[in-house]
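In order, the protein sequence lines correspond to chains L and H.
When you line the first sequence up against this note's numbering, it's residues 1 to 186, in that order.
When you line the second sequence up against this note's numbering, it's residues 1001 to 1186, in that order.
See structure below.
2 protein chains.
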Amino acid sequence: MKALFFLYEGYVDWEISLLSYILNETGVEINTTALSDEVTHKGKFKIKMDMNIEACNPNDYDVLIIPGGEPDPFVKDDRILNLIRGFDDQGKVISAICGGSAFLAAAGVLRERKYSTSIDDDPTYKHYFNDTFKSETDVTVCENLITAEGNAYVEFAVAVGKELKIFKDREDELETVLFFKNQLRG
Amino acid sequence: MKALFFLYEGYVDWEISLLSYILNETGVEINTTALSDEVTHKGKFKIKMDMNIEACNPNDYDVLIIPGGEPDPFVKDDRILNLIRGFDDQGKVISAICGGSAFLAAAGVLRERKYSTSIDDDPTYKHYFNDTFKSETDVTVCENLITAEGNAYVEFAVAVGKELKIFKDREDELETVLFFKNQLRG
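Printed below as a string of structure tokens:
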């Protein structure tokens, strides 16, 4: 199995750091891409990309993952919008957390599907979303889309893992949640 | 204020991703260093370092932060051991989580001070530690040292932040914990 992370300047790394770890630990191959060769995340580490975005083909991947941050002005770039549409056209899993959901909205793949996001009435992004379909829950799985609020980063990681069937069984899934909540005992 | 993150091949990024974020959000300057120009973390992102380790001077920093992972063979490298000793000689805050505590043990700075670590009876590292001083708690603050078990990454980030006095008040500190536990309401 293979996962593609789309990163961008100022992305929020803790929203996806559990997910990249869990995927790698369960044997999923990981690639990173961005609109430039290098980006600096919100915690100020510099990340060097594996892939040029033009070279990324949805055929090669099982899931696309997009973290939060400040998507503007990247949310207007056709290279990422078309990549998202390519994943959606093939019904591949697309997962986005916090501000990451703005890319899905801008690409037009949300359509009339339920979504979660931490973006709330921000005039920069508001016009991309149709509030009618905003979910009441902090993680929303709707067809091939998995979206979440930033604070639900543990639940988001587990929801994506579950969709990709990387957990051995229900016990493994529950233990993962409790470990990352620091509530695993015995 | 200025923080130095020591990274190494295969380090566990989610153990320190909240911390680098919180520090940056509160205006702390962040530098990364390693034994090489680039390392790949446990979630497979490639990180490019800001600083050559030989150029790092404890005088320039307020805190040194070391994540977990598999410290062997890096734990035997004098460049990082001497850097840790330099921070300790000046009484600067040194924080390490999970396997990161093995670097402090190997550098000899734990002495007879209480520590936390997720390393448990691993023959590779066991001889570095003196079990008598292993803490019962998952985060331990002892003089200038802050150490933690990996699963306590939220509590670790907040303990380091508290030591550096980056929280406005007790309410700010408590809200940070609850936000990252996804338990903040109202």
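Where a beta carbon is used, it is the ideal one built from N, C-alpha and C, also for glycine.
Three-state secondary structure assigned by DSSP to residue i
i: L:Thr132; result: helix
i: H:Glu1173; result: helix
i: L:Val154; result: helix
i: L:Cys98; result: helix
i: H:Ile1065; result: strand
i: L:Ile146; result: strand
i: L:Leu4; result: strand
i: H:Val1075; result: helix
i: H:Val1160; result: helix
Cβ shell of residue i (< 8 Å), same chain only, five flanking positions each side left out
i: L:Thr140; result: Lys114, Tyr115, Ser116, Ile146, Thr147 and Ala148
i: H:Asp1089; result: Pro1058
i: L:Gly86; result: Asn57 and Pro58
Burial state of residue i (16 or more Cβ within 10 Å)
i: H:Thr1137; result: exposed
i: H:His1127; result: exposed
i: H:Asp1169; result: exposed
i: L:Ser27; result: Strictly speaking, residue 27 of chain L in this sequence is Gly, with Ser absent from that position. Under this definition L:Gly27 is an exposed residue.
i: H:Asn1052; result: exposed
i: L:Leu184; result: exposed
i: H:Asn1130; result: exposed
i: L:Phe171; result: According to the sequence provided, residue 171 of chain L is Glu. The question's Phe does not apply to it. L:Glu171 comes out exposed.
i: H:Ser1036; result: exposed
i: L:Leu23; result: buried
i: L:Asp15; result: Reading the sequence as shown, one finds Glu at residue 15 of chain L and not Asp. Classification for L:Glu15: buried.
i: L:Gly91; result: exposed
i: L:Thr176; result: buried
i: L:Gly108; result: exposed
i: L:Leu18; result: buried
i: H:Leu1110; result: buried
i: L:Leu64; result: buried
i: H:Leu1164; result: buried
Sequence-distant residues of the same chain with beta carbon closer than 6 Å to residue i, five excluded per side
i: H:Ile1066; result: Phe1006, Ala1096, Gly1100 and Phe1103
i: L:Gly43; result: Asp13
i: L:Ser118; result: Cys98, Glu149 and Gly150
i: H:Ala1105; result: Tyr1128 and Phe1129
i: H:Ala1202; result: Coverage of chain H is limited to positions 1001 through 1186, which leaves residue 1202 of chain H absent and any answer about it impossible.
i: L:Cys142; result: Arg113 and Lys114
i: H:Tyr1125; result: Ala1102 and Ile1119
i: H:Val1187; result: Because chain H in this structure spans residues 1001 to 1186, residue 1187 of chain H falls outside the shown range and cannot be described.
i: L:Gly68; result: Val12, Glu15, Ile97, Cys98, Gly99, Gly100 and Gly150
i: L:Ile166; result: Thr26
7 Å Cβ shell around residue i - same chain, five flanking residues per side excluded
i: L:Cys56; result: Leu4, Thr33 and Leu83
i: L:Glu70; result: Gly10 and Gly99
i: H:Ile1047; result: Leu1007, Thr1032, Glu1038, Val1039 and His1041
i: H:Lys1181; result: Val1154
i: L:Asp60; result: Lys2
i: L:Ser20; result: Phe5 and Ile30
i: L:Ser135; result: Lys114, Tyr115 and Ser116
i: H:Phe1074; result: Tyr1008, Leu1035 and Ile1080
i: L:Ala157; result: Leu18, Leu19 and Ile22
Proximal chain B residues relative to residue i, where beta-carbon distance stays under 8 Å
i: L:Val12; result: Checking the listed chains, one finds no chain B in this structure; the protein chains it contains are L and H.
In chain order, what residues of the region 1123-1146 of chain H put their CB closer than 8 Å to some CB of chain L? Asp1138
Proximal residues, the region 1041-1070 of chain H versus chain L, C-beta separation under 9 Å: Listed by position, the residues of the region 1041-1070 of chain H near chain L (Cβ gap below 9 Å) are His1041, Lys1042, Gly1043, Lys1044, Phe1045, Lys1046, Ile1047, Lys1048, Met1049 and Asp1050.
At what residue ranges does the region 10-58 of chain L contain a whole run of the beta strand (DSSP E), taking only runs of 3 or more? 29-34, 38-40 and 46-48
Pull out every residue of the region 1017-1031 of chain H whose Cβ sits closer than 7 Å to any Cβ of chain L, in chain order. Ser1017, Leu1018, Ser1020, Tyr1021, Asn1024 and Ile1030
Just by C-beta distance, which residues in the region 156-185 of chain L are closer than 8 Å to chain H? Phe179, Phe180, Lys181, Asn182 and Leu184
Given a limit of 8 Å on CB to CB distance, which residues of the region 1094-1110 of chain H reach chain L? none
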